[in-house]
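Protein chains in written order, with the working numbering: chain A, 1 to 97; chain B, 1 to 170; chain C, 1 to 669; chain D, 1 to 501.
Just below is one structure, and these are the notes that go with it.
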Amino acid sequence: MLLIPAMIMFCCGVYGFITRRNMIAILISLELMLNAVDINFAVFNRYLWPDAMEGMFFTLFAIAIAAAETALAIAIIINLYRSARNIDVRDLNKLKY
Amino acid sequence: MESVGSIILYIVVALAMVVFSVLAVTTRKILRAATYLLFTLFAAACVYFMLDYEFLGAVQIAVYAGGIVVLFVFSILLTTRPGHNSERLTSKSRVLGSVAALAMLLISGYALVSRCALYAAKPLADTPTMQQVGKAMMSTSEGGYLLPFEAVSVLLLACIIGGVVIARRR
Amino acid sequence: MDATLPILILAIPLGMFFVLGLAGVKMSHRLAGILGCLGMGTTLVLAYTTAFTYFFSGSPEFVDAAGNRLQALIFDQTWLAFTDKLVIRIGFLLDPISAMMLVVITTISFMVHLYSMGYMRDHHGVWERGFQRFYAFLSLFSFSMLGLVVATNIFQMYIFWELVGASSYLLIGFYFIKPSAVSASKKAFIVTRFADLGFLIGILILSFYTGTFNFTELTSAPVEGLAGVFSVSETTAESVRSIFRSSAAPVFLGGSVLTWALVLIFMGGMGKSALLPLHIWLPDAMEGPTPVSALIHAATMVVAGVYLVARLFPLYLMEVTALEIVTWVGAITALYAAIVACTQIDIKRVLAFSTISQIAFMVVSLGVARPEVHEGLGYMASMFHLFTHAMFKALLFLGAGALIHAIGSNDYTAMHGLRKYMPVTHWTFLIGCLAIAGIIPFSGFFSKDEILSSCLGNSTLVYIWMSAVAGLTAFYMFRLYYLIFWWKEHKVHEGHHAPHDQPWTMTLPLVILAAVSCVAGFIPFGNFVTWNGAPYDFMAHFDWSVAAVSLCVALAAIGLATVMYRKENPLPEKFRAAMPALWTWAHHRFYWDELYMFITHRIIFNGICRPIAWFDRHIIDGTMDAFATVTNKASQAIKPLQSGQVQLYVWWYLLGALALGGITMLCLL
Amino acid sequence: MFSNILIWFVVIPLLMLAGLALCRDIKQIRAVAVAGSTALVALSVKLLVDYLALRAAGATAPMLFTDSWVWFAPLHINLAVGVDGISVAMILLSSIIVFAGSFASWTIPQPKAFFLWLILLSTGVFGFFISIDLFTMFMFYEVALIPMYLLIGVWGSGRKEYSAMKLTLMLMGGSAFLMLGLIGIYYHSAPAGQPLTWNILEIVRNGAISHDWQCFLFPMTFVGFGVLGAMFPFHTWSPDGHASAPTAVSMLHAGVLMKLGGYGCFRVAIYLMPQAANELAWIFLILTGISVVYGAFSACVQTDLKYINAYSSVSHCGLVLFAILMLNTTAMTGAIMQMLSHGLMTALFFALIGMIYGRTHTRDITKMGGLMRIMPYLSVCYVIAGMASLGLPGLSGFVAEMTIFVGSFQHADMFHRVFTIVACCSIVITAVYILRVVGKLLFGPVQDPHHLELTDATWWERFSTVTLIVCVAAIGCFPNFFNNLIRFTFSPDIFAVIGMN
């Protein structure tokens, strides 16, 4: 039951990730997807194996890592913005080739 | 579904989650997106509470809503010129994106509907207490999470250092 | 015979080449000249000694009991062993023709060395630039030519043949600042090189079937009546004979293998001896200093082709077809060159064409020689003519050199009426002209007469043809003579001193050669040189009717030349107007040069080389580059996949995931 | 290990590398380069003397000074060394050219790095010639190829990056074939059940490569080495590569590296797989026959001195492969002689071209002329090199070409003889392009008045050229010595397989 909104949330994340150009927006979409997955873990844990704690722990660690990742990503974004005055992914291809 | 209250709660939470996440990816103002994200995150925390994972819910609110969103807001403020809207999305990419997302939704939704007992009642079980959580976190025996815990702590350390190094002005 | 002398004959010029070539720059001009002359003089003495020992010592090594002359291998060192049997040796073969050639080469070479001391400096005594180099090249040439004539095997001959060609190249291009000299030297080398290709292939074919390079084995046996005369074991002789009997069977384009081999070898000779159609280099070769023309392009190198055929004569006798080709190539060349010589303006060109014509005489003479005709008189006549021609043609060239040196131009129009100014040159030149025209008692008469006799013995057509050429010879030579020394008085321009005779270094060779040309005819040549070594008394077979006819023809031609050219008169113009086409064609040497230019430049250069180079750069290289380009393009094409645009990655990922999901679902359904 | 003389051919260059690393200025670098290359020349002369002494004493083994040290036992890889007459000749050639080359690059910029790579290259070359283990042979082969890229790419001229890339890629492409071939040989090197080996001598002794496999592996290895031997149509790296390479590199490349190709074709492709060689020779004969004539014709219209020489190398190296494929003693001897001759002669050519280019700063023959007046020494050397190239007796080209022609013409088959005649035609075309260059470049009036101020050769340039000329003349004047040195090698067993002499 709870999986349905999580699923929709995930799809929103996908949509946002694909269509948005702003790096922060992309990051936000990413967080949406992560959250959707986290919810899934928790739900599966609770509904299927209520005695175990793996799902919960997975979510827990995922949250921790997501925090780290976001912090780092934002650091990079700010840095990029400093040097390029822009955080549009289409324009940031100087490092490509 | 055991009680009307919980059904109502479910509907409210699910609606909030769906609506806000849709808004978060469709709004053109990035700051609003962050705000919608915040609400979505709160909704997710609610889900955890509904599942009786209070600790998880608390962590979700503390880390995500408290930490990450604040980070987002700061970075948005740092990188966006005031009054600047996010770029207009081309209809092509919008269509493509929504097609992809809908296709995804269809497939996973189909899988979900056809496979899972959607209306299964929440099984009765003990909520893990903080003590259990703490012990599991620190134990090295089977079902213990000391290694990932340490790994995450190292990761966080690395992340702090990395953040400092990257963000430092040259 | 002891090998010391022969080795020295080869070693002294070679050593002189190295001394003058390496240390020449440090020497004074005079020292270099004297050294060169001394070296050549010593060689001359040694060569004369050797030749005299061969002809007159009567040692059993050289003459057998019956008085037949033998071939003697003085030494024969292995130089390069291809297989057990095919071995290149460097050796010294002494037989009548090589002994005679030793005399001819050293004589002319010495004369030219001496003459160049005077010629290679201007009127103020300033030496020509690169004088030492000139002497070094002369020494190199002498060495190569001597090595060629004493070759014991056909490959040694080929080696020296190439060396001769190279030294000729260097000497023609002596004035390397002049583009005409450079292109002339290039032309000479390439044309002869082309001919040598034939020579080489001929050698390959010959050696493949006979398994030997050695002249003694190649030439000893094939003809009946010859074996045993030259010192070769009967078994080798027999083996060569049987090889040709059996393998003369394979026929290629209508000729037996032997015919092809011999014709190809003769092609080498055609190149060196400037026979039609490979004659085009010789007139241009006159760009070299005149002494060089006298030495190389009149007396010695150009007769190498004749010498080659003479050397392999017994083999040629096996294939009469080859000999007939030789005859007709010679006959056509002789007539062609004689006609062209009548219209040339440059005196050296006239002499060059006359040389071509005279060499063709020798070739014809070899071609018509048969054992059954006057006991092979043609062979002896050919060698005799080679000898006399070397002397009088060198004389004429050196005389021409003296004129050019005095006037500073090759054109007879700049000369006219020089007889008073340069008496010595005048008289010696006249003797040369009389000799070449075949007037008794000068040497040319005797040799030419023998040639005509042997022609008559073989075929009347050839006889008439060659007599006509002999008449033409007399005509153009006297035309030249009169135009240089008579025609009209020489005008001396103000400020120029009058032309005069030369220093003794130049006149002495002229006088000596003139003297030789007067008396050489009386040498009983048949005693020395015959095709099989048996002495032949020419005077006993002397055919007075032939002699009388040729004399009459020559006198008539001279008379005509006298009428036309002794005094300035309009007769030549009338003749010219009477047959304009012939005159123009002859004047332009029947457009051979243009034809060759067309073939080499248009067809070979533009038609083969350029397309090949283009093909290489664009097709072959293009293919290789295309590989690279395709690789590059392919990677360019797939590069966007690795664009770094995470969203694109997600796209791809999503597509994959969707596909996978779809497939899984389909499977599960 | 160091008691074997051969190993020193690899050790000395390595010591030179170490020495170079310690050098501080150009004088020390020169000292190391000259001392090392002199030591190599001395060593190769000693090797020659020792070799001849052993042969004179009656040693009849196909290879002398053989030795083997285990390197990687599970795959039977050894460092196996040994030489026969051909290798000795090739080693001699290489050391002389390295010697002359180090004099020719007396004033190169960035000398330390340059000599470093150059010496690494020569390590590979020497290693290749002394190895009789296919694996180490291949390894040294690659060691010799790779430095070429940097040497051309960094010190070259013109379109150097393009040329370096092209050369390296094409040769690497060849190596790919080659490696396939070598691995194939390895897996068929011994009869079933016996340990496999990379050692050439053992492979020959085992004779276990089946006929079908031979027919597959022979083209692989022949093409693999043939690319380096500039075989048509895989020769196009040569003009561009040579044109861009610096002097010493051109010398070493044309003089020695291209010989690796010919040597490898003989040593691996034909020596190990004679039956296939006999059957498939005709294909490659056509290709090499084309290369002989085609290279010569192409050279006729080039205007860049180095292109002319590169095409002439295509022609001459084509002749090497052509003769090797004739599969008889005389022609093969000729092929090796041609390798020696062409190595020295082309090295001389490239040295001279480098020296002329260093003065006039152009290699276009239409822009130069009358150099004989200006730099007589270099011009005379150029004429000598040209004469050697067009096969003047007394210089090396003649001997080699004649041995090839005579040898090839002894072939019993009409097809081979006809092709020999075709190849013979190259001597005329060679004369044409050589004389064309000599006439335009050296003779005639001076084209560019600026050239009048140029100087003639310096002492190191003289030294370099004289060394090469003396060697060219030595082969040309005393061919039988080299002939005998080489000839003994063609052990009857490889011809026995084919059924020829």
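Just so it is clear, CB atoms sit at the ideal spot from N, CA and C, and this is done for glycine as well.
Inter-residue Cα distance where the pair is residue i and residue j
i, j, result
"T303/D", "L595/C", "25 Å"
"A634/C", "F72/D", "39 Å"
"L73/C", "A151/C", "10 Å"
"A32/C", "V438/D", "27 Å"
"V154/D", "C381/D", "29 Å"
"F137/C", "L461/C", "43 Å"
"D411/C", "E573/C", "18 Å"
"S298/D", "L218/C", "39 Å"
"T27/B", "L37/B", "11 Å"
"A474/D", "L395/D", "8 Å"
"F374/D", "A385/D", "Checking the sequence shown, residue 374/D turns out to be Ile, not Phe. Answer to the nearest angstrom: the Cα atoms are 18 Å apart."
"K488/C", "G417/C", "5 Å"
"I439/C", "C518/C", "10 Å"
"K393/C", "V340/C", "18 Å"
"K348/C", "A338/C", "14 Å"
"I39/A", "A62/B", "16 Å"
"T346/D", "I152/D", "18 Å"
Chain-ordered neighbours of residue i on chain A, where CB pairs are closer than 9 Å
i, result
"C46/B", "Those within 9 Å of C46/B in chain A number zero; the least Cβ separation is about 10 Å."
"L56/B", "D38, A42, M56, T59, L60 and I63"
The beta strand (DSSP E) enclosing residue i, as first and last residue numbers
i, result
"F65/D", "L64 to F72"
"R89/C", "V87 to L94"
"A72/C", "A72 to A81"
"G82/D", "I77 to V83"
Listed by chain order, chain C residues near residue i by CB distance under 8 Å
i, result
"I427/D", "R193, D196, L197 and L200"
"I18/A", "Q647, V650, W651 and L654"
Beta-carbon neighbours of residue i, restricted to chain B and to distances below 7 Å
i, result
"V14/A", "A100, A101 and M104"
"A68/A", "L155, L156 and C159"
Residue i: first and last residue of the uninterrupted alpha helix (DSSP H) it sits in
i, result
"W282/D", "P274 to V301"
"T467/D", "W459 to C477"
"T247/D", "T247 to L252"
"S57/C", "No alpha helix (DSSP H) holds S57/C; DSSP gives it neither H nor E."
"N35/A", "M23 to L48"
"R20/A", "Counting along the chain, R20/A falls outside any alpha helix (DSSP H), and DSSP gives it neither H nor E."
"T360/D", "T329 to T360"
"I74/A", "E54 to A84"
Contact set between residue i and chain B, taken where Cβ atoms lie within less than 8 Å
i, result
"L654/C", "A100 and M104"
Neighbour list for residue i in chain C, Cβ cutoff strictly below 7 Å
i, result
"F409/D", "L204 and F208"
"I77/A", "Neighbours of I77/A on chain C: none; closest Cβ ~13 Å, over 7 Å."
Chain-ordered neighbours of residue i on chain A, where CB pairs are closer than 7 Å
i, result
"G97/B", "Y15, I18 and T19"
"G163/B", "A71, L72 and A75"
"S108/B", "M7"
Partners in chain C for residue i, counting only beta-carbon separations shorter than 9 Å
i, result
"G258/D", "According to the sequence displayed, residue 258/D carries Met and not Gly. Under the 9 Å cutoff, chain C gives no residues; its nearest Cβ is about 17 Å from M258/D."
Residues of the segment 395-407 of chain D with Cβ closer than 8 Å to any Cβ of chain C, in chain order: Residues of the segment 395-407 of chain D with a C-beta less than 8 Å from any C-beta of chain C: F398, V399, M402, T403, F405, V406 and G407, listed in chain order.
task: Taking only beta carbons into account, state which residues of the segment 656-667 of chain C come closer than 7 Å to chain B, listed in chain order.
output: L658, G661, G662 and M665
- request: May I ask you to list, following chain order, the residues of the segment 176-193 of chain D that have a beta carbon less than 7 Å from some beta carbon of chain C?
  value: Within the segment 176-193 of chain D, no residue has a Cβ that lies closer than 7 Å to any Cβ of chain C.
Chain-ordered residues of the segment 474-490 of chain D with a beta carbon less than 7 Å from chain C: P479, N480 and N483
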